[in-house]
Amino acid sequence: MSEQSAPGADGSGRPSGRLLEVDGLRVEFRTRDGVAKVINGVTYHVDAGETLAVLGESGSGKSVTAQTIMGILDTPPGFVTGGQVRFHGKDMLKMSAEQRRRIRGEGIAMIFQDSLSALNPVFTVGFQIAEQFRIRRGLSRSDAKKRAIEMLDQVKIPNAKGRYSNYPHQFSGGMRQRAMIAMSLALDPEVLIADEPTTALDVTVQAQIMDLLGELQRERQMGMILITHDLGVVADVADRIAVMYAGRIVEEADVYDLYAKPAHPYTLGLLNSIPRMDEKGQELRTIKGLPPNLMNIPPGCAFNPRCPMAQPVCREKVPPLLQLGRGRASACHFAEELVNRD
Amino acid sequence: MGRYLLRRLLQLVPVFIGTTFLIYWLVWSVPGDPFAGKCGDRGCPPNYRAMMTEKYHLDDSIWVQYASYMKNLFQGDFGITFGGREISDIIATSYPNTLKLAVVALAIEAIIGLGAGVLTGLRRNGFLDNLVLISTLFLIALPVFVIGFVLQWLLGVKWGIVNPTVSNEMRFSELIVPGFVLGSASMAYIARVARTSIAENRRADYVRTAIAKGLPMRRVVGVHLLRNSLIPVVTLLGTDLGALMGGAIVTEGIFGINGIGRQVLRAIVTKESATVVGIVVVLVLVYLVMNLLVDLLYAALDPRIRYE
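Top line first, the protein sequences correspond to chains A and B.
Everything in the first sequence is counted per UniProt numbering, starting at 1 for the first residue and increasing by one.
Everything in the second sequence is counted per UniProt numbering, starting at 1 for the first residue and increasing by one.
The structure is reproduced here in structure tokens:
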């Protein structure tokens, strides 16, 4: 799409030396009630050794983008209608099912939100990790078991050997998510997609899991895509943040820039809605209105009905994602004014 | 696990006593003289009457009758028919035949029913799915004797592919058609349960995880999906063996198989109460044991079920 010109994407489809690039991706869900345009030209990339946080509320399309990258989009109802997902410069959407399968786990791996339902309830945790060594690497049962125990050890599960033969329901939530991480890292992936890895956990455990993820990412120099709706979670771990709204990237920036000077009113609204100690007792600030109906996205800027800065132009023209320099981009007609105001 | 097993075995005792007593009571309470018509037109001679009356305690209350019957039963004595034949002998010749038939039926159910269920559950709304839905509806709606006679006539008489009846050797090849007839309704149910179960679990998160791990599709389906989807199917299959054995009367009749269905029917008609009770008691045992096995298998398939 012509309005897509986020960093790293030149729209030409030429390999650009990036590890993983999503370029102008479009996905729609065809349901009985109509067509929901879930992803409307998403472009982002992640390189080795960096963490990109994809931020957005439910329904913004952040998880669907991840599922499309992994090739686990439910089709039907989901259909990719445009764009590319390039891994080492090659468009995965054009690959055969078998080529894509080989990338899963080894090239790109994924951690899911709810580890209780994401792990198979009838197999031991150890089996589910060892399985990858056996099936993908052709190791014997005993070697695979050894490697699986090593993995459990790496994610700091105490008594890894004893825990090997426990079932998922015998783990606590935090331990289970650790096991999930061990499983996803088993084949040494180059990119790790973590889809809301801490949402289902207690706050104290959330921090531990985020620390562990950050540590493993640095150690292994992986590219990591961290999908979350929680601004508080990303600050310590992420290098860059891409904010999604109604299936588009509305702002992309380095973590510090984004927190210091958001260049999109939606990001500003998100930052303002974080509860603060010095405002204790006051009403929480929220973004007014509801996320748009994806079957009927408002014309112009999708955020305009909720935007405190909305002008007539916002209802007519879709604001393109424009570079603002220093690796940041914003899809707002008034991005310059937002950044330059004081 | 051991304690659970012991408790379950102990639970079987009252169930066994309760069911066998009910059967015993019902069968021996049929009104009329038990000796009527047993010895031709003349009536039974007094010494024979006296002997049988004493053997089955016919002058005592039902409790005494039942108690003495059970006492003999636990010593391996099923009693004798009014004609003097050992009932254990009848059971020994007829039970294996019915068991063979039921096992063949069960195997056909499991293979065809499960196969159809898995295939249609993975690809819903396709041609095969519609075909299976319609054909299972047919099998469920048609009474067994219709399916039995139609297949016997078509395959056995008109086309001559198989023998219309089963010989005394009970060869496996002869049992395929009767087994199919006997298991047809259950097979249809199994196909439908398996289809629903597979379709439900197909969208489960853990299946998505298995795919995301880069496992080949046949392993995702054959290991991760199947193991979870099998749980309801196993219950159905396990409890069905008893039902198949008890429900084989019609099939055995059509294909001339000398099984318990036939024997029970004959015993009821001729008021051979001891034979009826003997055969049914063994059937009750089969039911109870199969139910226990299913519960144990359940735990093996689903580790979330823990027996304390």
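Every residue gets a Cβ at the ideal spot worked out from N, C-alpha and C, and that includes glycine.
None of the values given here were measured: they were computed from a predicted structure.
Quick check on residue 291(B): does DSSP put it in helix, strand or coil? The sequence position of residue 291(B) within the second sequence is 291, counting from 1. Here residue 291(B) sits in helix by DSSP.
Just how far apart, CA to CA, sit residue 341(A) and residue 145(A)? Start at 1 with the first residue of the first sequence, and residue 341(A) comes out as number 341. Start at 1 with the first residue of the first sequence, and residue 145(A) comes out as number 145. If I take the Cα positions, the gap works out to 59 Å.
Top-ranked residue by Cα proximity to residue 184(A), from 43(A), 271(A), 41(A), 133(A): In the first sequence, residue 184(A) corresponds to position 184, counting from 1. The shortest C-alpha separation from residue 184(A) is found at 133(A).
Closest to residue 284(B) by CA distance: which of 196(B), 144(B), 99(B), 15(B) is it? Locating residue 284(B) in the second sequence gives position 284, counting from the first residue. Cα-wise, what sits closest to residue 284(B) is 15(B).
Three or more C-beta pairs under 8 Å: does that hold for the region 179 to 198 of chain A against the region 57 to 75 of chain A? yes
For residue 245(A), which of helix, strand or coil comes out of DSSP? The residue labelled residue 245(A) in the question sits at position 245 within the first sequence. Here residue 245(A) sits in strand by DSSP.
The region 17 to 24 of chain A contacting the region 85 to 96 of chain A, beta-carbon criterion three pairs below 8 Å: yes
Compare the C-beta of residue 95(A) against all C-beta atoms of chain B and say whether one is closer than 8 Å. As a first step, residue 95(A) is located in the first sequence; it is residue number 95 there, counting from the start. For residue 95(A), the answer is no, since every Cβ of chain B falls outside 8 Å of its Cβ.
Out of 32(A), 337(A), 42(A), 54(A), which one is the CA nearest neighbour of residue 235(A)? For the purposes of this step, residue 235(A) is identified with residue 235 of the first sequence, where counting begins at 1. Nearest C-alpha to residue 235(A): 54(A).
Around the C-beta of residue 142(A), are 16 or more other C-beta atoms found within 10 angstroms, so that it is buried, or is it exposed? Translated into positions along the first sequence, residue 142(A) becomes position 142. Residue 142(A) is exposed by the Cβ-count criterion.
Can you give the beta carbon distance from residue 238(A) to residue 339(A), rounded, assuming they're within the 8 Å contact cut? Locating residue 238(A) in the first sequence gives position 238, where the first residue counts as 1. Locating residue 339(A) in the first sequence gives position 339, where the first residue counts as 1. Contact doesn't hold; Cβ gap of about 20 Å is too wide.
Between which two residues does the alpha helix (DSSP H) carrying residue 151(A) extend? Counting from one through the first sequence, the residue named residue 151(A) turns up at place 151. Per DSSP, residue 151(A) belongs to the alpha helix (DSSP H) from 141 to 154.
Closest residue to residue 117(B) among 197(B), 142(B), 167(B), 203(B) (Cα-Cα distance): Within the second sequence, the letter at position 117 stands for residue 117(B). Comparing Cα positions, the closest option is 197(B).
Buried or exposed (CB count within 10 angstroms, at least 16 for buried), residue 10(A): The sequence position of residue 10(A) within the first sequence is 10, counting from 1. Confidence in residue 10(A) is poor, its pLDDT being 44 and thus under 50, which makes the residue's placement unreliable; the coordinate value appears in the next sentence. Residue 10(A) should be labelled exposed.
For residue 187(A) and residue 140(A), I'd like the C-alpha separation in whole angstroms. Your numbering for residue 187(A) matches position 187 in the first sequence. Your numbering for residue 140(A) matches position 140 in the first sequence. Going by the C-alpha atoms only, they are around 15 Å apart.
Return helix, strand or coil for residue 330(A), following the three-state DSSP convention. For the purposes of this step, residue 330(A) is taken as residue 330 along the first sequence, with counting starting at 1. Three-state DSSP puts residue 330(A) in a strand.
Chain B within 8 Å of residue 106(A), Cβ atoms only: In the first sequence, the residue the question calls residue 106(A) occupies position 106. It does; some Cβ of chain B falls within 8 Å.
Give a yes or no on contact between the region 114 to 123 of chain A and the region 161 to 171 of chain A, applying the rule of three or more CB pairs nearer than 8 Å. yes
Confirm, please, whether the CB-CB distance from residue 34(A) to residue 213(B) is below 8 Å. For this step, residue 213(B) is matched to residue 213 along the second sequence. For this step, residue 34(A) is matched to residue 34 along the first sequence. Going by C-beta atoms, residue 213(B) is not nearer than 8 Å to residue 34(A).
Under DSSP, the beta strand (DSSP E) around residue 381(A) begins and ends at which residues? Any question about residue 381(A) goes unanswered here, given that chain A covers just 1 to 342.
Taking any Cβ of chain C, which residues in the region 125 to 151 of chain A have a Cβ under 9 Å from it, in chain order? Among the chains of the structure shown, chain C does not appear; the protein chains present are A and B.
Close beta carbons around residue 151(B), own chain, < 8 Å, minus the five adjacent residues each side: By 1-based counting over the second sequence, the position of residue 151(B) is 151. So the qualifying residues of the chain are 177, 180, 181.
For the region 194 to 211 of chain B, which residues have a CB atom closer than 9 Å to at least one CB atom of chain A, in sequence order? 203, 204, 205, 206, 207, 208, 209, 210, 211
is_contact[residue 120(A), chain B] using C-beta, thresh 8 Å: Position 120 of the first sequence, counted from the first residue, corresponds to residue 120(A). Yes, contact with chain B.
Inside the region 237 to 284 of chain A only - alpha helix (DSSP H) runs reaching at least 4 residues: 255 to 260, 265 to 272
At a CB distance below 7 Å, what residues from the region 293 to 316 of chain A approach chain B? Give them in sequence order. none
Within the region 74 to 139 of chain A, note down every full alpha helix (DSSP H) run reaching 4 residues or more, in order along the chain. 97 to 103, 115 to 118, 125 to 137
Examine chain A for any beta-carbon lying closer than 8 Å to the beta-carbon of residue 232(B), and answer yes or no. Along the second sequence, read from residue 1 onward, the residue named residue 232(B) stands at position 232. Not one chain A Cβ lies under 8 Å of residue 232(B).
If you compare alpha carbons, which of 274(B), 295(B), 294(B) is closest to residue 72(B)? As a working note, residue 72(B) is residue 72 in the second sequence. Closest by alpha carbon: 274(B).
Can you find at least 3 beta carbon pairs, one from the region 295 to 307 of chain A and one from the region 27 to 45 of chain A, that sit closer than 8 Å? yes
In or out: residue 203(B) buried (at least 16 other Cβ within 10 Å) or exposed? In the second sequence, residue 203(B) corresponds to position 203, counting from 1. Residue 203(B) should be labelled exposed.
Compute the beta-carbon to beta-carbon distance between residue 260(B) and residue 279(B), rounded to the nearest angstrom, for a pair I have assumed lies under 8 Å. For the purposes of this step, residue 260(B) is identified with residue 260 of the second sequence, where counting begins at 1. For the purposes of this step, residue 279(B) is identified with residue 279 of the second sequence, where counting begins at 1. Sure, about 5 Å apart at Cβ, within 8 Å.
Whose C-beta lies closer than 6 Å to the C-beta of residue 12(B) among residues of the same chain, with five residues either side of it excluded? As a working mapping, residue 12(B) is identified with position 12 in the second sequence. Within the same chain, residue 12(B) has close Cβ partners 288.
Through-space distance from residue 199(B) to residue 78(A), alpha-carbon basis: Counted from its first residue, the first sequence places residue 78(A) at position 78. Counted from its first residue, the second sequence places residue 199(B) at position 199. Roughly 18 Å between the two C-alpha positions.
Just the C-alpha distance for residue 292(A) and residue 153(A), rounded to the nearest angstrom, thanks. As a working note, residue 292(A) is residue 292 in the first sequence. As a working note, residue 153(A) is residue 153 in the first sequence. Near 44 Å, if we compare the C-alpha coordinates of residue 153(A) and residue 292(A).
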